[in-house]
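Please read the structure below before turning to the comments.
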Amino acid sequence: MNINLEKIDETSAKIVVSVEESDYAALVTEELKKIGRTHTIPGFRKGHVPTEQLRRRFGREVKSDVLNREVIDKVFEYIRENNLKVLGEPLPVERKEINLEQKDYTFEYEIGLAPAINLTLDKNVKLPYYEIEVSDEMVAQQDEGLRKRFGKRETSETVDETAIVKGVIMELNEDGSIKESEDAIQVTNGMIGVFQIADADQKALFVGKNINDKVRFNAAKLCSGNLPELASMLNIDRDRAAGVTSDFEIAISEILVVKLAEYGQELYDEVFGRDKVHNEEEYKAAVKEMIAADLSQYSDYRFRDDAEKTLLAEYGQFELPKEFLKKWLLARNPEATAEQIDADFDNILSSLRWQLIKEHIAQQTDMKIEEEDLKAFARALAARQLAQYGITNMDDETINGMADRILNDKQYHSRIVEQVGDVKLFTTIKNAVTLENKTVTFEQFQEMMKPAAE
């Protein structure tokens, strides 16, 4: 079997495979004998079918299968051995009609050639990095939120935004009078969490009220249409809750509000873990670091966007085998039309250019994804999931156990590998280039992000 490369232009080429009968004849005969051993042929005992009889019945199909398999294997072997950087997969120039009489064949496969990328990632490359300033107001808000989360409820005379109010809930007529018919909804031990009310107008009806005050509210609006929540509050089933539109009145008999947790070791341990923070000064510094870590995710997102745009604009204007890629995309997506490929082709090319740049950077910097990288990412993911439920100081053993379960989930594993690769790539870029650090307020950062969002 003879294989040659014929360049069409700088971005595409043909691999030409010349096949003689001696390259495949023995393989065809062996496949035919295998059929004779394993298939039942009328008029013959299994394993005793003459080869020529098998050749007449199955020869064309077997020959076609063997040729296709052997040729494409040799094409990929040629690509590997000659270190050809190709895009997509080899495409046959034409479909060959295989018959028993023809002995020798020539097969041609078109390939797209990956371009050479002239990019050296070093300190001569400059990219902006926007650090978001942690303001005193942010620290104060986070501090109040943490102290509320770990605070305790106590009785109060006045309703605030953290309150739970208790009392008798009565359904009202349209004129505001108490509904007294048999179907009236009445809850003798009613309870409303003011802190849970999303509707600002409904929440404002409660804040500032005192014990023995009466509050008129609309139950459906207060629950923002959440039927399970509405049914629970009014002690009715969901089907009935779906028809509730009337106003209600609660006569407040008890108010429970959150008393902010006091500064001290108990609070510090609950928020950050045992013995990691020891006084108010360290606590405030740790709160600031917590906020900075959250904000850094926004900074990294902006950096990724800037890095991709900058590197694409400066190093991504290389030639690509456009016609080959269109043919390959159609072959790979038989349900797509040429018109659909053309309509989205610019976006496809942009994604491909960036993918090639990423691969070049990873190869140039010898970037590898290690098992420990995956474990660290899974641990961080587990910690974020716990934080969503207000758990910020879980022990390492529990977090590690959650991380192992995440990594063992096949559905998540490949996604995590991709995400870790992305994180490592941009970390590599960040460490290799010169960062032009710029400190901005959160408000300034939001303004910067508006055009990208729009």
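Using this note's numbering, read the sequence shown as starting at 732 and increasing by one per residue.
Backbone N, C-alpha and C fix where the C-beta goes; we use that ideal spot for every residue, glycine too.
Note that the coordinates shown come from a computational prediction; the quantities given were computed from them, not determined experimentally.
Assuming residue i and residue j make a contact with CB atoms under 8 angstroms, what is their CB distance in whole Å?
| i | j | result |
| --- | --- | --- |
| residue 925 | residue 895 | 7 angstroms |
| residue 862 | residue 1165 | Wrong, their Cβ atoms sit about 15 angstroms apart, outside the cutoff. |
| residue 981 | residue 946 | 5 angstroms |
| residue 819 | residue 1059 | 4 angstroms |
| residue 1160 | residue 1038 | 5 angstroms |
| residue 959 | residue 971 | Rounded, the Cβ-Cβ distance is 13 angstroms, inconsistent with contact. |
How long is the line joining the alpha carbons of residue i and residue j, rounded to whole angstroms?
| i | j | result |
| --- | --- | --- |
| residue 889 | residue 991 | 16 angstroms |
| residue 1175 | residue 864 | 10 angstroms |
| residue 1090 | residue 877 | 43 angstroms |
| residue 1080 | residue 791 | 41 angstroms |
| residue 741 | residue 843 | 9 angstroms |
| residue 943 | residue 893 | 19 angstroms |
| residue 1180 | residue 1033 | 8 angstroms |
| residue 987 | residue 1157 | 49 angstroms |
| residue 773 | residue 784 | 12 angstroms |
| residue 965 | residue 974 | 12 angstroms |
| residue 845 | residue 1071 | 24 angstroms |
| residue 1024 | residue 812 | 47 angstroms |
| residue 1185 | residue 795 | Any reading at residue 1185 must be qualified, since the residue scores a pLDDT of 47, below 50, and its modelled position is unreliable; the value itself is stated next. Taking the straight line joining both Cα atoms gives about 55 angstroms. |
| residue 1068 | residue 1103 | 44 angstroms |
| residue 1053 | residue 1149 | 27 angstroms |
| residue 743 | residue 1168 | 42 angstroms |
| residue 1128 | residue 1134 | 10 angstroms |
| residue 993 | residue 1000 | 12 angstroms |
| residue 891 | residue 875 | 14 angstroms |
| residue 1036 | residue 1141 | 29 angstroms |
Determine the extent of the beta strand (DSSP E) in which residue i is found, giving its start and end residues.
| i | result |
| --- | --- |
| residue 838 | 836–844 |
| residue 978 | 978–990 |
| residue 1063 | Looking at the DSSP string, residue 1063 is not in any beta strand (DSSP E); the run it does join, the alpha helix (DSSP H), is 1053–1063. |
| residue 885 | 883–886 |
| residue 897 | 895–902 |
| residue 947 | 945–949 |
| residue 1168 | 1165–1171 |
How far does the alpha helix (DSSP H) with residue i in it reach, from first residue to last?
| i | result |
| --- | --- |
| residue 928 | First-last for residue 928: undefined, no H or E at that position. |
| residue 756 | 752–769 |
| residue 737 | Unbroken run through residue 737 is the beta strand (DSSP E), 733–738; no alpha helix (DSSP H). |
| residue 1129 | 1127–1139 |
| residue 999 | 996–1003 |
| residue 963 | 958–965 |
| residue 1108 | 1102–1118 |
| residue 1022 | 1011–1046 |
| residue 869 | 867–880 |
| residue 993 | It is not in any alpha helix (DSSP H) - residue 993 carries neither H nor E in the DSSP assignment. |
| residue 782 | 782–812 |
Less than 7 angstroms separating the beta-carbons of residue i and residue j?
| i | j | result |
| --- | --- | --- |
| residue 998 | residue 881 | yes |
| residue 904 | residue 910 | yes |
| residue 1003 | residue 1016 | no |
| residue 737 | residue 747 | yes |
| residue 858 | residue 841 | no |
| residue 759 | residue 802 | no |
| residue 678 | residue 951 | Missing from the structure shown is residue 678; the chain here goes from 732 to 1185 and no further. |
| residue 1265 | residue 932 | No information on residue 1265 is available, as it lies outside the stretch 732 to 1185 that the chain covers here. |
| residue 1138 | residue 1114 | no |
| residue 850 | residue 1014 | no |
| residue 809 | residue 739 | no |
| residue 957 | residue 978 | no |
| residue 1201 | residue 1105 | Since the first residue of the chain shown is 732 and the last is 1185, residue 1201 is not available in this structure. |
| residue 928 | residue 953 | yes |
| residue 805 | residue 732 | yes |
| residue 1022 | residue 1125 | no |
| residue 852 | residue 1107 | no |
Can you check whether the C-beta of residue i is within less than 7 angstroms of a C-beta belonging to chain C?
| i | result |
| --- | --- |
| residue 1174 | The structure shown has no chain C; it contains just one protein chain. |
Can you tell which of the options has its C-alpha closest to the C-alpha of residue i?
| i | options | result |
| --- | --- | --- |
| residue 838 | 751, 849, 1008 | 751 |
| residue 800 | 787, 767, 754 | 754 |
| residue 847 | 1051, 1070, 1106, 1143 | 1051 |
| residue 1087 | 1130, 1075, 1042, 1118 | 1042 |
| residue 883 | 977, 989, 912, 872 | 989 |
| residue 824 | 868, 1028, 807, 745 | 745 |
| residue 995 | 828, 1012, 1145, 851 | 1012 |
| residue 1101 | 953, 1182, 969, 1155 | 1155 |
| residue 1092 | 818, 813, 1153, 886 | 1153 |
| residue 872 | 940, 812, 1019 | 1019 |
| residue 1027 | 1149, 1001, 860 | 860 |
| residue 765 | 918, 1066, 782 | 782 |
| residue 836 | 797, 807, 855 | 797 |
| residue 920 | 770, 963, 875 | 963 |
| residue 918 | 756, 1022, 967 | 967 |
| residue 985 | 1030, 969, 972, 922 | 922 |
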